[in-house]
Each structure stands twice: as structure tokens, then as C-alpha cells.
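Asks:
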Amino acid sequence: MPEEAELTWDDGSKHPEPAIDDPAPQLSSAQAAKWLGMGFGVFGLIAGAAVLNDKASKVPWTPREYPFDNLRVELGGAPAK
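In this note's numbering, the protein residues as written are 336 to 416.
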């Protein structure tokens, strides 16, 4: 019995049928490259949208104001005269 015998339904006719009803479709290299390019394009669009919508750079904040001349003495600076 050949190894591939389990993959065909041999009913004794001239053309045996495949045992699996819906075999996986075979893609050509061009089709595979097209699908891969479309997948990378989707990721590129998502990354581009994330760069354009950078909320961290648009958040306004107030600069910190420390007491005692911005903590100059506490941070190791010379005392004010």
C-alpha cells in the first residue's frame, strides 16, 4: 500500500477523488508576495496613524516651579546672595 493511499478515496473508478473534501488552496509566489505586502501595508498604516496621533506630544503641561530658587541649595548649588 503506498504512503499516499490515505489521501485519496479510491472507489475503483478511473479518477479517484481526494479524501479531504476541501483541500487547502495553493498560492503562487506572486499571490503570496501580494498578500505579504498587503499585511505589511496594514501594519504600516497602523504605525503611521500612531505616529500622526501622538497624544504624548500634544498634552499641555505647566512647567514645574520649585520653591527656594528652584531648589538650588538643595540640589548642591551655591546659596543665593
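Cβ coordinates follow ideal geometry from the N, Cα and C atoms, glycine included. Here the structure is a predicted model, which is why all the values come from computation and not from measurement.
Mapping the DSSP letters down to three states, classify PRO402 as helix, strand or coil.
Replies: In the structure shown, PRO402 sits in a helix (DSSP, three-state: H, G or I).
Asks: Which first and last residues belong to the alpha helix (DSSP H) in which LEU371 is found?
Replies: Start and end: 364-387.
Asks: When the Cα atoms are used, what is the spatial distance from GLU409 to LYS393?
Replies: Rounded to the nearest angstrom, the two C-alpha atoms are 32 Å apart.
Asks: Contact defined as beta carbons within less than 8 Å: I believe GLU341 pairs with ALA354. What is the distance between those atoms, to the nearest angstrom?
Replies: Going by Cβ atoms, the distance from GLU341 to ALA354 rounds to 7 Å, so yes, they are a contact pair.
Asks: Within a Cβ cutoff of 8 Å, which residues of the same chain sit near VAL377, ignoring the five residues on either side of it in sequence?
Replies: Counting only Cβ-Cβ distances below 8 Å, and skipping sequence neighbours, we find nothing.
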